[in-house]
Amino acid sequence: MQTLSFDIQHQLNTLQSQQALELYAQAICLELHGMDLEPEKVQRLLQTVVDWRYGVYALSAGEVVGIAGFQQPNGSFTGAGNWRSILKALGYKAFWRLMRSPLNHGPQHFADSEMWHNGLYVAPAHRRQGIAKALLQRIADVAKYQGYQQLTLRVAHDNNTAKTLYQTLGYQPQQATSAYQCLTKTVLN
């Protein structure tokens, strides 16, 4: 396997934002595979809810190959929309399917010292080359720089590959729900 050269950055130009939208739509389509949402509706949903300022991105040869989002009390990678804009993007039937899906976590409850990681996806052709690890490290750096003491994330119980990666990077298991395990990492002592 050839080693991929990539850079991690916090801002995207217009073309890169479109690439990131298409890449993240792949991730959401996989997550929502049982909901029968057309890719066009997923892209409209993401255009409505994603705030690119709350993400970090892996680029290789100018192409977006990885995305990681984060959430703070003042904003979120996937928190730009409201229920009306989401309903308009999806239509009534798809909106209610989404509201009942595991993706709808409900409101986050933040400690003042806590930043949440919400969303990580690496293009399949670029996996196992350190991109996810680099994205997670950059989010930890952002959290530390902004004065947060810990970084928290959710992972599906059956996603053992991701859980192993997170624990390798210092995340510790915390509370669990029926669908997700929460993990935290201390970034400031």
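Residue numbers (this note's numbering): 78 to 266. Virtual Cβ for every residue (Gly too), placed ideally from N, Cα, C.
Span of the alpha helix (DSSP H) holding residue i?
i: Q95; result: T91 to E108
i: L114; result: Taken as a continuous stretch (DSSP letters only), L114 belongs to no alpha helix (DSSP H), as it is neither H nor E.
i: Q258; result: It is not in any alpha helix (DSSP H) - Q258 instead sits in the beta strand (DSSP E) that spans Y257 to T263.
i: L242; result: N237 to T245
Put residue i into one of helix, strand or coil per three-state DSSP.
i: A188; result: coil
i: L230; result: strand
i: N214; result: At residue 214 the sequence reads Gln, which differs from the Asn that was named. Three-state DSSP puts Q214 in a helix.
i: N195; result: strand
i: Q124; result: helix
i: Q149; result: strand
i: Q86; result: strand
Taking all protein chains shown into account, decide if residue i is buried (16 or more other Cβ within 10 angstroms of its Cβ) or exposed.
i: E191; result: buried
i: T346; result: Examination of residue 346 is not possible in this model, given that the chain is present from 78 through 266 alone.
i: G132; result: buried
i: A256; result: exposed
i: T155; result: buried
i: L92; result: exposed
i: N236; result: exposed
i: N151; result: exposed
i: S82; result: exposed
i: L123; result: buried
i: Y222; result: exposed
i: L107; result: exposed
Give me the Cα-Cα distance between residue i and residue j, rounded to the nearest whole angstrom.
i: Y243; j: R121; result: 30 angstroms
i: Q149; j: W193; result: 6 angstroms
i: H234; j: A253; result: 9 angstroms
i: Q251; j: L260; result: 5 angstroms
i: T241; j: D84; result: 24 angstroms
i: I216; j: F147; result: 7 angstroms
i: K210; j: V141; result: 16 angstroms
i: P116; j: V127; result: 16 angstroms
i: N90; j: G143; result: 15 angstroms
i: V199; j: L98; result: 13 angstroms
i: Q214; j: A166; result: 33 angstroms
i: Q249; j: Q226; result: 14 angstroms
Return the first residue and the last residue of the beta strand (DSSP E) that residue i is part of.
i: A135; result: G132 to S137
i: A253; result: Q249 to A253
With respect to 6 angstroms, is the separation between the Cβ of residue i and the closest non-hydrogen atom of the ligand GDP below this value?
i: I163; result: Inclusion of the ligand GDP in the displayed structure is not the case, the ligand content being empty and no account of it being possible.
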